[in-house]
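Data first, discussion second: the structure below is written as structure tokens.
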């Protein structure tokens, strides 16, 4: 796409980031809709519209079209991730949420592991109708989201009490357990919309998420370009190297989610993976010229970079419930994800200005170090409010 359309790294970086402007505007309303109305309808709608916009990306010609469709893609997706986090809190008790969320979150590295070679095959073999292979990547990979969105509208169950497939005694037990948790937080005044804005810990989580997204989004978006610069390797080897950090990330999310769920400890299960990712990226920069070590450090960074997510996303629902939790999750995801605009743009600018990736990678290291340091200030808050 860059070669055919003449897009610079700065254009790509801005396009990567502008996604989060559209995402930001509709994030909190979308999350509240999941809490107050229907996860089934809203998540299905998101997947269908996202698929349509993603497919449209296959027809862009100019940077302006690229920017507008990236903005629309963010607006279409707004509410999906936080909506899932809220939705899982409708089904899982506090002690089980970290492990449950880890099973959802492994979809991210798994999608990269499967998507990268699939995209490579499409780019190399699909040149139908006079359209380049990269265009068919967008067109073909947007369609499954539309199909799954339609399936979601018919088959997703909003609440345990509506689950026809769940035995009556289990349905009643789960509903009562979740209601007890919600009642305890409501009694403490942590259920209303405005309660999210009165919790200092929520603003801390926003800051942590901003800096970790700035670091991770830049890495995700530019890793293929970084490996393409390793000209001594074959195309197949470079593709494999690009996949390795995501394979490691798959296991990192599962391992940290399991350990956090087993111990119910949150602070260090958030802070430690972020700091390890920062150290691994620093190692990758300093090991430039030693290809084996660069790849090894990227694998460690991949293992740690998203491992913080399962325990991190249990924190808002430990602090708040109902609309308060929905707003908090939407706020953290919306404002924090502006790091996805900040990070890739600065990374792309530094790459264009210096002609190499080192300065951009040091910027990522700094973002992750700030996020990790802030995460050490998380206060452990158990389900019923005891510190």
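In our numbering, the protein residues as written are 44 to 430.
Think of the CB as a built atom: it goes at the ideal place given N, C-alpha and C, for glycine as much as any other residue.
Predicted model only: the values in this text are computed from it and were never measured.
Mind listing, in chain order, the continuous beta strand (DSSP E) runs of no fewer than 3 residues lying wholly within the segment 107–173? none
May I ask which residues mark the beginning and end of the alpha helix (DSSP H) holding residue 80? No alpha helix (DSSP H) contains residue 80, which DSSP labels as neither H nor E.
Under 6 Å from any heavy atom of the ligand ADP, does the C-beta of residue 139 make it? The ligand ADP is absent from the structure shown, which contains no ligand whatsoever.
In this structure, how does DSSP classify residue 49 when only helix, strand and coil are distinguished? coil
For my contact list, residue 103 and residue 116 are in at a C-beta cut-off of 8 Å; report their separation, rounded to the angstrom. About 12 Å; that fails the 8 Å criterion.
Can you tell me whether residue 422 is helix, strand or coil according to DSSP? coil
Quick check on DSSP: helix, strand or coil for residue 288? helix
Classify residue 66 as buried or exposed, calling it buried when 16 or more other Cβ atoms lie within 10 Å of its own Cβ. buried
Confirm, please, whether the CB-CB distance from residue 174 to residue 118 is below 7 Å. no
8 Å contact criterion, which residue 411 and residue 255 should meet: CB distance rounded: 6 Å
Say whether the segment 289–299 touches the segment 345–362, bearing in mind that this needs 3 or more beta-carbon pairs closer than 8 Å, one atom from each stretch. yes
Pick out whichever of 383, 238, 52 has its Cα sitting closest to the Cα of residue 503. Residue 503 is absent from the model: the chain starts at 44 and stops at 430.
Please name the residue in 201, 388, 129, 279 whose C-alpha comes closest to that of residue 64. 388
Work out the CA separation of residue 344 and residue 189 for me, nearest whole Å. 33 Å
Which of the three DSSP states, helix, strand or coil, is assigned to residue 415? helix
Best match in 393, 350, 246 for proximity to residue 376 [C-alpha to C-alpha]: 246
Just the C-alpha distance for residue 305 and residue 47, rounded to the nearest angstrom, thanks. 50 Å
Closest by C-alpha distance to residue 76, when choosing among 421, 215, 368: 368
Alpha helix (DSSP H) containing residue 184: first to last residue? 176–198
Using a Cβ-Cβ cut-off of 7 Å (strictly less than) and excluding sequence neighbours within five positions of residue 56, which residues of its own chain qualify? 387, 388, 390, 391, 392
Would you mind working out which of 49, 50, 90, 359 sits nearest residue 240, comparing C-alpha positions? 359
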